[in-house]
Structures are given as structure tokens and as C-alpha cells.
Amino acid sequence: MAARYEVTASKYRPKTFDELAGQEFVVSTIKNSLVNSQIAHAYLFSGPRGCGKTSAARILARSLNCEKAPNGPCGLCDNCRAITQGASMDVIEIDGASNNSVNDVRQIKDEVLFPPQAGKYKVYIIDEVHMLSTSAFNALLKTIEEPPPYICFIFATTELHKVPATIKSRCQQFNFRLIPVETIQEILKKICAENNIQAEDDALFWIARESTGSMRDAFTLFDQVVSFSAGANGINIRSDLIREKLGIIGLEKLNELSLSCVENDGQKSFALTDEILASGVAIEQFVIDLTGYYRSLLLVKNGVTRESLLGYRPSQFCAKTLETLDSIRLEQALDILLDCYRNIRYSVSPRFDLETAISKLTWLTKWVSPIELKNSIDAAKSALARGGSFAPSSNTQTVEPRSVPAAAAAVAENTAPKTQPSGDGRSLTDEFQKMLAAKEKTSTNNNADDDDDVPMWNNTSIKSGKENPPQVENVLSVIPGTVIS
Ligand SMILES: Nc1ncnc2c1ncn2[C@@H]1O[C@H](COP(=O)(O)OP(=O)(O)OP(=O)(O)O)[C@@H](O)[C@H]1O
Ligand SMILES: [Mg+2]
Ligand SMILES: [Zn+2]
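Shown next as C-alpha cells:
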């Protein structure tokens with residue numbers, strides 16, 4: 011008969027504190043208290059899913075009853091073996107989600123009066139403790155505060171905020187952390203080596219990153235990848251196979267798409283979108299991957315170089331996209347995509363939402379943020395108030411957004427000393443007032459030509475000419491996106 015298949019998460023459940031990865035603070039504190047025999051009545055383990063709470067509770071239970079080692083279970087003595095096999099009467103595991111009533115707690119209160127049978131401690135592990143009802147929690151209070159000396163409670167929860175303060179204050183609390191990507195990748199590498207599995211580093215890194223700090227998630231995804239990576243030459247985990255089987259967009263395609271967007275090439279962007287969707291990538295996954303991509307660009311733009319945060323090395327991202335888009339435009343790209351993700355759930359056609367988002371990304375380089383607009387208007391206003399002539403700034407489009415106030419100040423400063431009258435002896439204010447008067451006249455006469463009907467601040471249609479004297483034209487030209495014809 012074939013050996014029973016065991017999922018990696020169960021097969022590699024840590025059996026000693028040293029095997030518990032990424033929880034160094036918890037491990038060293040508990041080990042110390044074991045060595046010094048300072049055992050609390052109750053422990054509360056909290057933290058994200060799949061990062062070792064239940065495993066640590068079991069290790070602690072075994073350590074308390076191990077006949078040999080003082081700071082960790084030996085795994086060999088009768089007690090250790092019985093607890094591992096779930097055959098010990100001294101370690102009771104209770105699922106808080108399905109045993110959450112006062113009656114369940116009452117039963118525990120009756121049982122604690124009987125001392126342990128084989129070991130030194132009778133240990134109650136209550137998982138998902140936040141699911142206990144309020145009255146069940148209240149019924150527990152007295153017992154966990156002053157239990158018989160041989161009793162130890164270990165509570166585990168992913169939702170610490172749902173545990174009443176009265177319970178928390180009676181427990182020693184340990185916060186479990188998300189496990190770093192590098193640590194998860196190392197563990198997966200070791201498991202591959204032990205099981206004769208070939209694996210590309212990039213592929214293991216991808217699995218580690220996707221599991222967002224949860225070791226259980228990493229093992230589950232790993233099992234799935236292993237199941238489709240078996241070939242004639244054994245198991246070979248490859249990035250391209252993962253992309254193909256799980257419908258994920260590769261970095262090359264994302265780079266290509268972002269490049270066509272910064273080149274304002276709508277045709278190519280839509281063609282690439284269609285190609286990616288036709289290759290079997292789900293729309294939701296598409297938006298998630300593209301959002302992750304622009305997030306990474308934003309991080310790179312702000313000096314982050316850590317591969318585990320970016321998902322790739324900074325040099326792997328499209329250089330032209332990085333060079334063209336500044337932080338404000340990258341934030342806008344993220345806004346567009348996050349909005350798109352929220353909308354597709356209620357959309358008539360998620361594809362339309364995705365295409366709209368892609369279309370918006372193709373003119374991102376021309377997008378102007380409200381703060382940039384305000385700063386430019388402020389600069390224009392202050393120049394007008396000084397009555398000075400106004401030199402247009404040639405780099406308005408490429409001004410780094412973070413330095414806009416500085417740019418505005420520089421523009422104002424530039425213009426400040428030049429408050430001499432313009433060529434024909436009139437100041438800028440005079441020119442502006444004259445222009446307004448001319449506008450008023452044409453509108454009251456109601457004989458304005460087509461050009462005069464155009465709003466003054468319209469992005470694309472401000473006309474120069476005798477009604478817009480050159481200085482005013484200059485003022486308007488500092489507003490990003492304003493095109494003066
Ligand atoms: N810190 C860790 N080191 C090594 N393996 C771990 C770690 N955390 C979790 N695992 C793996 O994930 C599996 C699940 O871990 P465990 O049950 O301890 O998580 P948990 O924190 O109790 O999760 P949940 O909150 O979902 O109950 C384990 O069997 C083990 O394979
Ligand atoms: Mg658990
Ligand atoms: Zn032992």
C-alpha cells in the first residue's frame with residue numbers, strides 16, 4: 011500500500027522551539043522561564059494566521075511535561091511521545107470556536123480539580139479563544155487567576171482585540187510576528203533539498219512572497235506548485251510554469267505594459283491587455299499584479315531597495331517608466347488601480363473597468379495633481395500682485411512634485427526683482443486689468459468670436475493675441491497642463 015500523503019504543513023510542524031522560525035523573542039522568553047521554573051498560570055498567544063501559535067502551544071505543553079530537557083521537549087521520553095501522538099490525558103486541546111458556551115467552561119472548571127496523570131502539569135490549550143461567549147469568558151476568570159498549581163492554560167487567537175481585557179490581564183501575552191520572506195524562502199529551500207525537489211530560487215521567492223508572512227500559506231502554496239511541477243525527471247519548480255498554471259503576469263509583461271503607458275501608446279496598451287487576458291490571467295489577478303507593480307515602482311522611487319519588499323531587484327523594473335513617472339503620478343496610478351479593484355466587484359463588465367483604468371494610465375504623464383495646480387495658481391497670483399513681468403518656467407511639466415512649493419517660490423523669486431514695466435511701459439497688473447475689461451466688453455457687446463467663448467482656464471484652449479498680452483500668457487503657462495496656442 012502506498013504511504014499516506016501528508017501535507018507539508020503537518021509534516022513540518024515544528025516540534026522544538028528551535029524549529030519555530032521567525033519568533034525569536036517568544037522562544038527566548040519562554041525558554042528562560044522554563045529554565046528558571048517560572049511558569050505562568052496562563053499564556054495568551056496572539057498573531058496572524060499560520061505563524062506558529064498552535065505549534066508553540068504544543069511545544070510548551072510538551073516542555074512542561076518532558077521528563078528530561080528543562081528548556082525544550084526531548085521528543086523521546088514517554089510523556090513527549092504520548093503528547094505528540096495526542097494520547098496524553100494531561101494535555102487537553104479545545105477548539106474555542108465550537109466549545110464556546112458557559113457549559114463548556116463549567117466542564118473545564120470541574121476537570122481542573124483532578125491532578126495530571128503522568129506529567130507535572132495538566133495543560134489546557136484553547137485555540138481561537140476569541141470565539142468564547144462573554145459569559146464563558148466571565149466563567150473562566152476565577153479559574154485562570156488562581157488555578158491549582160499543576161494547571162497551565164495556553165490560549166491562542168488571531169483576533170486579540172476580541173479577547174476581554176479582564177482575560178488579557180491574567181495572562182502572559184506573546185505576540186507572534188509575520189515570518190520574513192527570506193526565512194520562508196530558506197525553509198522551502200531546505201525542504202526541497204530534503205525531498206530531492208529541484209527549484210528555481212525565483213520560484214521559491216515568489217511562493218514566499220505570496221504567502222505574506224504565513225508559514226502555513228507558504229506550505230499550502232508549495233504543495234500546490236509541487237503537484238503540477240512533477241515531470242519525467244522528477245519534480246522541478248519553475249517560475250514560468252507557475253505563471254502559466256496559476257495565471258500570473260510576469261515582470262517582463264508588466265514592464266512592457268507600463269512602458270507603453272508612459273509612451274502614451276493607447277493602441278499598444280490595449281493590445282497588451284488583451285494578450286494578457288487571452289493567456290488566461292483573471293481580471294482580478296491582472297489588477298492585483300499591476301497594482302503590486304506600481305506599488306513597487308513607488309517604493310523604488312522613494313529609495314527602497316529591499317528585494318523582499320519589492321518582489322524583484324530594483325534594476326529589473328522598466329528604467330524609462332521609473333524615470334518618467336514621479337511619486338505623485340505613481341500614487342495616482344495606484345489610486346486608479348485600487349479604485350478599479352474595488353469597482354470590478356459590482357461592475358457590469360469587469361473588463362470595461364480594467365480597460366478604463368489602463369486608458370487612464372496611458373495619459374498619466376499629463377495628469378496634474380490638485381496641489382500642483384494650486385501651487386502654480388498661487389505662484390501666478392503672487393506674481394500678478396507684485397505687478398511684475400512673469401518669466402514662464404520651461405520645466406513645469408517635469409517639476410518633481412515634492413519640490414513644487416520650492417519651484418513656485420523660485421518662480422516668484424525670479425519675478426520679484428523684475429518688477430519693471432514691460433516694453434511699452436505698462437505693468438503686468440495693467441495688462442491683466444485691460445484684458446479683463448476687454449473680455450467684459452466683448453461679452454456685453456455679445457459679438458464675441460468663437461475664441462472668446464472659451465473659458466480662460468481651459469487646459470487646452472487659451473489663445474494668445476491682443477486680448478491676452480504676453481505677460482498674462484506667461485503667467486498662465488506656469489500652470490502644468492496649460493497649453494497656450
Ligand atoms: N514559525 C513557524 N516555523 C515553522 N513552521 C511554521 C511556523 N508557523 C507555522 N508553521 C507551519 O504552519 C503550520 C501551522 O502552524 P500553526 O498551527 O502553529 O499556526 P497558527 O499560528 O496556530 O495558525 P492559526 O492562527 O491559523 O491557527 C505548522 O504545521 C507549520 O508547518
Ligand atoms: Mg492555530
Ligand atoms: Zn521529553
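Note that our numbering has the sequence shown beginning at 11, numbered continuously upward.
Here a beta-carbon is modelled for each residue, glycine too, at the ideal position from N, C-alpha and C.
Discussion item. Is it buried or exposed, residue 203, if we count other Cβ atoms within 10 angstroms and call 16 or more buried?
Written reply: Residue environment: residue 203 is assigned as exposed (fewer than 16 neighbouring CB atoms within 10 Å of its CB, all protein chains considered).
Practice prompt. Any chance you could list the residues with Cβ under 7 Å from a heavy atom of ligand 3, keeping chain order?
Written response: Neighbourhood of ligand 3, defined by CB distance below 7 Å to any of its heavy atoms: 72, 76, 77, 78, 79, 83, 84, 85, 86, 87, 89, 90, in chain order.
Discussion item. In whole angstroms, give me the CA-to-CA distance for residue 158 and residue 73.
Written reply: If you take the alpha carbons of residue 158 and residue 73, they lie about 19 Å apart.
Item to complete: Thinking residue 131 and residue 100 are a contact (beta carbons under 8 Å), I'd like their distance in whole angstroms, please.
Response: The Cβ separation is near 7 Å, so the contact holds.
Practice prompt. Would you mind listing the beta strand (DSSP E) stretches within the segment 190-250 that are 3+ residues and don't spill past its ends, in chain order?
Written response: Secondary structure remark: continuous beta strand (DSSP E) runs of at least 3 residues inside the segment 190-250, in chain order: 244-247.
Fill in: Residues near residue 217 in its chain [Cβ-Cβ closer than 7 Å; skip 5 each side]
Closer than 7 Å at the Cβ level, and outside the excluded window around residue 217, lie 198, 228, 231, 232, 235.
Discussion item. Is it buried or exposed, residue 173, if we count other Cβ atoms within 10 angstroms and call 16 or more buried?
Written reply: Residue 173 is buried by the Cβ-count criterion.
Worksheet item: By a C-beta neighbour count over all protein chains shown, 10 Å radius and 16 as the cutoff for buried, is residue 191 buried or exposed?
Response: Its Cβ being crowded by 16 or more others within 10 Å, residue 191 is buried.
Worksheet item: When the Cα of residue 111 is compared with those of 142, 91, 95, 134, which residue comes out closest?
Response: It is 142 whose Cα lies nearest to the Cα of residue 111.
Worksheet item: Taking three-plus beta-carbon pairs below 8 Å as touching, is the segment 178-196 in contact with the segment 74-93?
Response: No, they do not touch.
Worksheet entry | C-beta atoms of residue 344 and residue 305 nearer than 8 Å | In this structure, residue 344 sits near residue 305, with a CB-CB distance shorter than 8 Å.
Worksheet entry | Cβ pair count under 8 Å reaching 3, the segment 331-341 against the segment 278-298 | The segment 331-341 is not in contact with the segment 278-298.
Item to complete: Have a look at the DSSP bridge pairing and note the partners of residue 184.
Response: Beta-bridge pairing links residue 184 to 55.
Discussion item. For residue 103 and residue 139, what's the separation of their Cα atoms in angstroms?
Written reply: Taking the straight line joining both Cα atoms gives about 12 Å.
Worksheet item: Since residue 76 is in the alpha helix (DSSP H), which residue starts that stretch and which ends it?
Response: Residue 76 -> no alpha helix (DSSP H), and no H or E assigned at all.
Worksheet item: Measuring CA to CA, which of 394, 57, 318, 396 is closest to residue 186?
Response: Looking at 394, 57, 318, 396, the one whose alpha-carbon comes closest to that of residue 186 is 57.
Practice prompt. Could you tell me if the beta carbon of residue 20 falls within a distance shorter than 7 Å of some heavy atom in ligand 1?
Written response: For ligand 1, at least one heavy atom lies less than 7 Å from the Cβ of residue 20.
Discussion item. Taking the straight line between their C-alpha atoms, what separation do you get for residue 272 and residue 209?
Written reply: It is roughly 35 Å from the alpha-carbon of residue 272 to the alpha-carbon of residue 209.
Worksheet entry | Identified DSSP bridge partners for residue 35 | According to DSSP, which records beta bridges pairwise, residue 35 is partnered with nothing at all.
Fill in: Around ligand 2, Cβ to any heavy atom closer than 6 Å, ordered along the chain
Any heavy atom of ligand 2 counts here; residues with a Cβ closer than 6 Å to one of them, in chain order, are 63, 64, 137, 166.
Discussion item. Between which two residues does the beta strand (DSSP E) holding residue 134 run?
Written reply: 132-137 is the span of the beta strand (DSSP E), which, as asked, contains residue 134.
Practice prompt. Would you kindly work out how many angstroms separate the C-alpha atoms of residue 498 and residue 167, rounded to a whole number?
Written response: The structure shown has nothing for residue 498, since the chain only spans 11 to 495.
Discussion item. Using a 10 Å radius around the Cβ and a threshold of 16 neighbouring Cβ atoms, would you call residue 224 buried or exposed?
Written reply: For residue 224, the number of other beta carbons within 10 angstroms of its own is at least 16, and it is reported as buried.
Fill in: DSSP three-state assignment for residue 275, whether helix, strand or coil
In the structure shown, the three-state DSSP call for residue 275 is coil.
Worksheet item: DSSP puts residue 103 in a beta bridge; with which residues?
Response: Beta-bridge pairing by DSSP links residue 103 to 135.
Item to complete: Would you please state the rounded distance, in angstroms, between the beta carbons of residue 115 and residue 146? I believe it to be under 8 Å.
Response: The Cβ separation is near 5 Å, so the contact holds.
Worksheet entry | Span separating the alpha-carbon of residue 421 from that of residue 312 | Per-residue confidence for residue 421 stands at a pLDDT of 42, beneath the threshold of 50, marking its modelled position as unreliable; the derived number appears in the next sentence. Between the alpha carbons of residue 421 and residue 312 lies a gap of roughly 26 Å.
Practice prompt. Assign residue 30 to one of three DSSP states: helix, strand, or coil.
Written response: Looking at residue 30 - three-state DSSP - the assignment turns out to be coil, as it is neither helix nor strand.
Discussion item. Is the beta carbon of residue 67 closer than 8 Å to that of residue 177?
Written reply: Not in contact: residue 177 and residue 67 (Cβ atoms no closer than 8 Å).
Worksheet item: If you count every other CB in all the chains shown that lies within 10 Å of the CB of residue 125, and 16 or more means buried, which is it?
Response: With fewer than 16 neighbouring CB atoms inside 10 Å of its own CB, residue 125 falls in the exposed class.
Worksheet item: Does the beta carbon of residue 99 fall short of 7 Å from some heavy atom of ligand 1?
Response: No, the Cβ of residue 99 stays beyond 7 Å of every heavy atom of ligand 1.
Item to complete: Identify every residue that forms a DSSP beta bridge with residue 362.
Response: According to DSSP, which records beta bridges pairwise, residue 362 is partnered with nothing at all.
Discussion item. Classify residue 42: buried if its beta carbon has 16 or more other beta carbons within 10 angstroms, exposed otherwise.
Written reply: Residue 42 comes out exposed.
Discussion item. Please classify residue 189 as buried or exposed, where buried requires at least 16 neighbouring CB atoms within 10 angstroms.
Written reply: The C-beta of residue 189 has 16 or more other C-beta atoms within 10 Å across all chains shown, which makes the residue buried.
Practice prompt. Determine the DSSP secondary structure at residue 168, reduced to helix, strand or coil.
Written response: Looking at residue 168 - three-state DSSP - the assignment turns out to be coil, as it is neither helix nor strand.
Item to complete: Let me know if residue 319 comes out buried or exposed under the rule of 16 or more other beta-carbons within 10 Å of its beta-carbon.
Response: By the neighbour-count criterion, in which 16 or more other beta carbons inside 10 Å mark a residue as buried, residue 319 falls on the exposed side.
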